[in-house]
Every structure is written in structure tokens, then in C-alpha cells.
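Taken in order, the sequence shown gives residues 26 to 172; the numbers are from our numbering.
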Amino acid sequence: MHRTKVKVVEGVLDANDTIARANRADFDAAGVTVVNLMSAPGAGKTTLLERVLPDLGAVRCGVLEGDVQGSLDADRLAHLHIPVVQLNTDGGFGGECHLDANMVRSALPALPLDELDLLIVENVGNLVCPAEFRIGEDARIMVSSVA
């Protein structure tokens, strides 16, 4: 039997990581702290935001709301009178179960970064995929729910 070794010279997520670094540079230039909020579907990400964001006082917040389709979570946050941008992964992104750096980058023009101190990216509800993709965030937070 003949064996061939293939040397992998770059990681499969190198392109994503390059875009994540560009996002990070834009966030730094605007002075925005970015949190990537992840959990399983229905674990309480949006409820947490509804309850916490009004209590942040002088912190100027915005939310980038990720979902495969629809805008129910963004609609729920609209009453907070903060910038909320919906980012759906169906259509142009193939219905992905996570947000990656390129998807986030595509939404940046819709966000008033210069008017924000904190941007929360509410990732698509999924426990597996979102953790693999850096988006340029400062921190990752996982919401867990036990029935």
C-alpha cells in the first residue's frame, strides 16, 4: 500500500481569522467593546439582554442580532431604543447556524460604532458552531439553561 502525507500549511479558519482581525481593528478604532453572546436555542440570550441592557446606565449599547431567518429577537429588543441590527444567515450566507467574521463585517456599516461603548453580538442559537468562529470580539459569553 502506498501512503502519501499531505502537509497542511494553513488552518481552515485562517480566512475567517484575518477578517476577525479587521473587525477587531474597526472596533478598537471606534472604542467599542464587543461581546459574542452564545447559547443553545431558547436558553435565554434575548431575555438576558432585555433585562440587563436597561440597567447599564451611561453605557451606550447596541446589538447585532444573528438568526438563520426572521427578526423576532430584534423585534423584542426594539423597545429598548438602542441600535439593533438584524443579521440573517439564510439567503446570501447559506443558512449557517453561526455568525462568522465575514457576516459580522457585512453588518458593520449598519451599526453606529462611533456612538457605541458596547456591542453585543447575539449569535445564532447553537451550542456547537459559534464557538469555532472568531468575529473580532473582546469576550465570549455562554448562556446555559438547565431544564
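Note that beta-carbon positions come from the ideal geometry of N, C-alpha and C, so glycine has one too.
In this structure I160 does not touch A65 by the C-beta definition: roughly 19 angstroms separates them, more than the 8 angstroms allowed.
Under the Cβ criterion (8 angstroms, minimum of three pairs), the stretch 93–103 does not count as touching the stretch 123–143. DSSP links T71 through a beta bridge to no other residue.
Counting the other Cβ atoms within 10 Å of the Cβ of L81 gives fewer than 16, which makes it exposed. A residue is called buried when at least 16 other Cβ atoms come within 10 angstroms of its Cβ; D92 meets this threshold and is buried. The Cβ-Cβ distance between V57 and V88 does not fall below 8 angstroms.
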